[in-house]
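Residue numbers (full-length UniProt numbering): 1 to 331. Note that the Cβ used here is the ideal one computed from N, Cα and C, for glycine as well. Heads up: the structure comes next, in structure tokens.
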């Protein structure tokens, strides 16, 4: 049977919104689907995708500047400590809400290339512009993820942990489309072998920690071959924008027993879709790939295309419910 999940983010700006997001996720997805640790980035920079990553990675210091997160030459800064404290509080709530839970449980972390394209070096401009800094960042992320998975497994002992590595900027990194700090130029492209090596380091750390590595990217030109070659056991995409060139590789991923997450609901919009509409989309997709839904159904995951932070709270719950009901009714 297909399953349903979410990408990570939920709407809101305070701790009550986080409590509601967790209630919705656990309530909608605990029975045979893939619940996850919600993110509510509206709570501030410590709760964003990048802020969460600074809370996870090991040894590298970071602080907040007007331009965003920046590496420091010293130890952990006050902003990084706040990010770690917030993540710890969120994990405490997840542990309480999932007492006795057994099954897949997902956490999300920003990937090494999106971080390299986002985080500043101590003297300015992106980590992406420094070969040594981006290697150090990938290594720190890999080390920190191992400890993060171990902590989650301690908190929810019967969980089958999945780590979703978010790489929305990876296609831009590969295509030399990331602007420099001045905005007048672009960083040089990263060659696929180097991109793969950093991903292998991070995805390998996830596997070594006893978790299953997935990668999510909602760009059009998702490099599925590169992701699977680097060790991803699941690939999550936005079905509305995905280039047809990726279809064959996604089909092989399903045939090989991997997971393909189909983003079948826009992250922003008006109202939740009907489950029947989502079923039709999935069936059209599998037919186009020449796959039998009954044979690959257990590898299919229905999700929103991206996070749900851009939707009102009641719509976010409705989107997850529609994905769950559609997954349960697929052939």
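For the stretch 149-157 and the stretch 113-127, state whether three or more C-beta atom pairs, one from each stretch, are separated by less than 8 Å. Output reads no: the stretch 113-127 does not touch the stretch 149-157.
Cβ contact check for the stretch 262-276 and the stretch 223-232: 3 or more pairs under 8 Å: The answer is no - the stretch 223-232 does not touch the stretch 262-276, with fewer than three Cβ pairs under 8 Å.
Separation of residue 243 from residue 262, as counted between CA atoms: 13 Å
Decide yes or no for the touch test of the stretch 196-207 against the stretch 137-144: beta carbon pairs closer than 8 Å, at least 3 of them. In this structure the stretch 196-207 touches the stretch 137-144; the number of beta carbon pairs closer than 8 Å is three or more.
May I have the straight-line CA-CA distance separating residue 8 from residue 182, to the nearest angstrom? Rounded to whole angstroms, the separation of the alpha carbons of residue 182 and residue 8 is 31 Å.
Kindly indicate which residue of 115, 162, 144 has the alpha-carbon position closest to the one of residue 173. 115
Presumed contact (8 Å Cβ cut-off) between residue 299 and residue 257, rounded CB distance: 7 Å
Bridge partners - residue 44, DSSP secondary structure assignment: In DSSP, residue 44 forms no bridge with anything.
CA nearest to the CA of residue 162, picked from 104, 43, 18: 104
If you follow the alpha helix (DSSP H) that residue 129 is part of, which residue opens it and which one closes it? Premise fails: residue 129 is in no alpha helix (DSSP H) and is neither H nor E.
Thinking C-beta only, is residue 322 closer than 8 Å to residue 239? no
Quick one: measure Cβ to Cβ for residue 215 and residue 307, integer angstroms, because I've assumed they're closer than 8 Å. No, residue 215 and residue 307 are not in contact; Cβ-Cβ is about 15 Å, not under 8 Å.
Could you name the residues that DSSP lists as bridge partners for residue 61? 72
Give me the residue from 59, 90, 82, 84 with the minimum Cα distance to residue 72. 59
Name the residue from 46, 93, 175, 53 whose alpha carbon lies nearest to the alpha carbon of residue 148. 53
If we ignore side chains and look at the alpha-carbon of each, how far apart do residue 184 and residue 129 end up? 15 Å
Looking at the strands, I want to know which residues DSSP matches up with residue 303. 263
Please go through the stretch 273-322 and give each complete beta strand (DSSP E) segment of 3 or more residues, from N-terminal end onward. 300-304
Given a cut-off of 8 Å, decide if residue 21 and residue 45 are closer than it, judged by their beta-carbon atoms. Residue 45 is not a Cβ neighbour of residue 21, given a cutoff of 8 Å.
Check the DSSP bridge columns for residue 103 and list the partner residues they point to. 159
Following the continuous beta strand (DSSP E) through residue 88, name the residue where it begins and the one where it ends. Here residue 88 belongs to no beta strand (DSSP E); instead the alpha helix (DSSP H) covers 78-97.
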